[in-house]
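Read the structure below first, then the notes.
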Amino acid sequence: MKILGIETSCDETSAAVIEDGRNILSNVIASQTDVHKRFGGVVPEVASRMHVELIMPTIQEALDKAESTLENIDAIAVINRPGLIGALIVGVAAAKTMAFAANLPLIAIHHIEGHIYANWLVNPDIQFPVVCLVVSGGHSDLIYMSGHGKYEILARTRDDAAGEAFDKSARVMGLSYPGGPQIDKLAKEGNPHAVHFPRAKMGDSLDFSFSGLKTAVIRYMEGIEAKPPLPDLAASFQQAVVDVLVENTFRAAQERGVKQVLMAGGVAANSGLQSAMKARGQELGIAVSAPPPILCTDNAAMAAAAAYFAYERGETSGLDLDSFASEPIGKRAS
Ligand code: KG4
Ligand code: ZN
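Residue numbers (our numbering): 74 to 407.
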């Protein structure tokens, strides 16, 4: 079964063709980062306008690369929630139009569900139950999955998302948007023990909090004492984030008795986080799956992968499908 996936929830216009939920025939990502960089973050109105320009050429390129036309596509998948509303609407309008024109089933995917299913594109051996660590620019969640499409939120962030902490801290360190990949690169050359940044603990809760850490970085950068070299600062900041993510994820895994952890979302691309997660997993005998960086950050392959399993459950949508700026995972789209 070939599914054409579409993703426009933030600042990447993406289309992909995936066969049987696993085999990537194409995954085209038109990034708008260079445009938004000038403003230090994503400007929603600019993102919407760029999606309008990019959506049809991106879909055509994805079909061409997969040596497909709409005639041999079996279903259309689109991320319709949550995200920037004006950006989501562009992908959803394109998906609905093609589903109507080619008389194809339409499958609506939650953005976080998409991120999680990127794991099935690289790892065919995932055994339920699993605990998912979802860390992106908008989310820091721990999610328990007892089976396909069954989600229970165990923890979320009380304030900033992990990616937001990376981006805001990078900005005060004088690095450009998005800061996550730059901190990752600098941290490889730095000493993670050079500065002790706080690790927030929420009592017995598995919830996260990153705003204190971000404030500590800002205070530190604005203080008068001599600063260590930037790589040491980046490494120390990254270590503080990684420590908390690793600690809470494996606490959740042990409390739930799971033997498999999945990493997902843009921050899951972080090399320090991936190696710390894998090392702790090995110590505890818990398998850790992480997609390659290109499938951690926003892309349409993840939408089509999730859609394959949603379609098997009979979860298709009508042409009255809407877009939603904020919706919890697990709630069915119309
Ligand atoms: O999943 P994503 O592409 O978009 C959202 O759904 O938000 O995640 C983007 C976030 C940004 O905050 C970006 O800085 C962060 O993921 N990110 C990283 C890395 N690559 C992307 N953070 C840390 N290390 C990375 N290598
Ligand atoms: Zn995302």
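Just so it is clear, CB atoms sit at the ideal spot from N, CA and C, and this is done for glycine as well.
The beta-bridge partner set that DSSP reports for Gly-220 consists of Lys-223.
Here Ser-87 really is in contact with Asp-371; their C-beta atoms are around 7 Å apart, less than 8 Å. Ranking Pro-251, Val-165 and Val-90 by CA distance to the CA of Arg-111 puts Pro-251 first.
Taking Pro-178 as the centre and dropping the five residues before and after it, the same chain places the C-beta of Ala-148 and Thr-389 closer than 6 Å to its C-beta, in chain order. Here DSSP, grouped into helix, strand and coil, assigns Glu-92 to strand.
For His-184, there is no enclosing beta strand (DSSP E); the enclosing alpha helix (DSSP H) has its first and last residue at 184-195. When DSSP reads this structure, Lys-75 sits in a beta bridge with Glu-92.
Note that the C-beta distance between Val-204 and Val-314 is not below 8 Å. Here Glu-295 is exposed: its Cβ has fewer than 16 other Cβ atoms, across all protein chains shown, within 10 Å. The secondary-structure analysis by DSSP pairs Ile-97 across a beta bridge with Ile-91.
The C-alpha of Arg-122 lies about 12 Å from the C-alpha of Leu-157. If you draw a straight line from the Cα of Ala-150 to the Cα of Lys-258, it comes to about 34 Å.
Under the three-pair Cβ rule at 8 Å, the segment 158-168 does not count as touching the segment 345-357. The criterion of a C-beta distance shorter than 8 Å is satisfied by Ala-168 and Ile-79. Cβ neighbours of Tyr-224 within its own chain (closer than 8 Å, five residues either side excluded): Glu-186, Ile-216, Tyr-217, Met-218, Ile-402 and Gly-403. Shortest gap from the CB of Ser-213 to any heavy atom of ligand 2: 7 Å or more. Within a 10 Å sphere around the beta-carbon of Glu-85 sit 16 or more other beta-carbons, which makes this residue buried. Tyr-381 and Ile-91 do touch by the CB rule: their CB atoms are close to 7 Å apart, below 8 Å. Check the Cα spacing between Ala-103 and each of Ile-97, Asp-93 and Ala-120: the tightest is with Ala-120.
Under the DSSP assignment, Ile-199 falls outside any alpha helix (DSSP H); it carries neither an H nor an E label. For Arg-154, the secondary structure class from DSSP, reduced to helix, strand or coil, is strand. Annotated three-state conformation of Met-336 is strand, per DSSP.
Shortest Cα-Cα distance from Glu-237 to any of Gly-113, Ala-374 and Ala-373 involves Gly-113.
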